[in-house]
Amino acid sequence: QIEIVQRTFALAAPMAEEIADRFYERLFELDPSLRPLFTHSMKQQGEKLMTVLAFAVRGLSHPEQILPAVQRLGERHVHYGVQTAHYATVGSALLWTLGEVFGPAFTPEVEGAWAAAYQLLAGVMQDAAAAVEADPTHPV
Numbered sequence: 005q006i007e008i009v010q011r012t013f014a015l016a017a018p019m020a021e022e023i024a025d026r027f028y029e030r031l032f033e034l035d036p037s038l039r040p041l042f043t044h045s046m047k048q049q050g051e052k053l054m055t056v057l058a059f060a061v062r063g064l065s066h067p068e069q070i071l072p073a074v075q076r077l078g079e080r081h082v083h084y085g086v087q088t089a090h091y092a093t094v095g096s097a098l099l100w101t102l103g104e105v106f107g108p109a110f111t112p113e114v115e116g117a118w119a120a121a122y123q124l125l126a127g128v129m130q131d132a133a134a135a136v137e138a139d140p141t142h143p144v
C-alpha cells in the first residue's frame with residue numbers, strides 16, 4: 005500500500021495547487037465551521053498542506069523517522085482549535101479530492117491505500133492531541 009500512495013502522489017505533484025484548492029473547497033463544503041481555523045492566506049495554507057503531505061508520503065517507507073514530527077503536528081493542532089471529529093472530515097475531503105483529481109485511476113485499491121495511510125497518520129496526530137488535552141502542561 006505504501007508504494008501505491010507514493011506512486012500516485014508522485015503523479016499528483018504537478019497538480020499540487022489544484023489539489024490544495026479542491027481539498028479546501030471540499031473541506032469547507034463538508035464543514036463550514038472549519039474556515040475560521042485557517043488564519044493564513046489559502047494559497048499559503050495550500051502550500052503547507054502539500055508540503056506536509058509530501059513529507060508524510062515520503063516517510064511512509066520509514067515511519068519511525070516521521071512519527072515524531074507527525075506527533076508534534078498533532079500537538080500543535082490542538083492549539084489551532086482542531087477537534088477529534090475534524091480528522092474524519094479532513095480524511096473525507098482528502099479522499100474525495102484525490103478521487104476527483106485522479107478520476108478512473110482512483111481505483112478501490114488506490115483509495116484503500118490512501119485511506120490506510122491517512123488513518124495511520126491521523127491516528128498518531130489524534131493520540132498526540134489527546135495527550136496535550138489531558139495534560140495542559142504538556143510542552144508543545
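Taking the working numbering, the leading residue of the sequence shown gets 5, the next gets one more, and so forth.
Ideal Cβ positions, reconstructed from N, Cα and C, are used throughout, including at glycine.
Original post:
Among the residues of its own chain, which have a CB less than 8 Å from the CB of residue 59, if the five just before and after it don't count?
Top reply: In the sequence shown, the residue the question calls residue 59 occupies position 55. Residues of the same chain with a CB within less than 8 Å of the CB of residue 59, apart from the 5 flanking positions on each side, are 70, 73 in chain order.
**OP:** Pull up the distance between the alpha-carbon of residue 120 and that of residue 78, whole angstroms please.
**Re:** Numbered from its first residue, the sequence shown carries residue 120 at position 116. Numbered from its first residue, the sequence shown carries residue 78 at position 74. Residue 120 and residue 78 have their C-alpha atoms spaced approximately 18 Å apart.
Subject >> Nearest residue (CA-CA) to residue 80, options 65, 19, 136, 40 >> reply: Within the sequence shown, numbered from 1, the residue matching residue 80 stands at position 76. Closest in alpha carbon position to residue 80, among 65, 19, 136, 40, is 136.
Subject >> Buried or exposed by the 16-neighbour rule on C-beta atoms within 10 Å, applied to residue 15 >> reply: Your numbering for residue 15 matches position 11 in the sequence shown. By the neighbour-count rule (16 or more Cβ atoms within 10 Å), residue 15 is not buried but exposed.
Original post:
Whole-angstrom Cβ separation of residue 61 and residue 9, contact assumed at under 8 Å?
Top reply: By one-based count along the sequence shown, residue 61 stands at place 57. By one-based count along the sequence shown, residue 9 stands at place 5. Between residue 9 and residue 61 the Cβ distance is about 6 Å, and since that is below 8 Å, they are a contact.
Original post:
By Cβ distance below 7 Å, which residues in the same chain neighbour residue 104 in space, the five residues on each side in sequence not counted?
Top reply: Within the sequence shown, numbered from 1, the residue matching residue 104 stands at position 100. Exclusion of the five residues before and after residue 104 leaves 26 as the residues of its chain whose Cβ lies within less than 7 Å of its Cβ.
Original post:
DSSP state of residue 86, grouped into three classes?
Top reply: The count along the sequence shown starts at 1 and reaches residue 86 at position 82. Correct three-state label for residue 86: coil.
**OP:** Starting from the Cα of residue 3, find the closest Cα among 35, 51, 141, 20 and give me that residue.
**Re:** Residue 3 is absent from the model: the chain starts at 5 and stops at 144.
Original post:
How should residue 66 be labelled, buried or exposed, when 16 other C-beta atoms within 10 angstroms of its C-beta is the threshold for buried?
Top reply: Residue mapping note: residue 66 aligns to position 62 of the sequence shown, counting from 1. It counts as exposed.
**OP:** Could you check which residue in 141, 113, 139, 94 has the C-alpha nearest to that of residue 33?
**Re:** Here the question's residue 33 lines up with position 29 in the sequence shown. The residue with the shortest Cα to Cα distance from residue 33 is 94.
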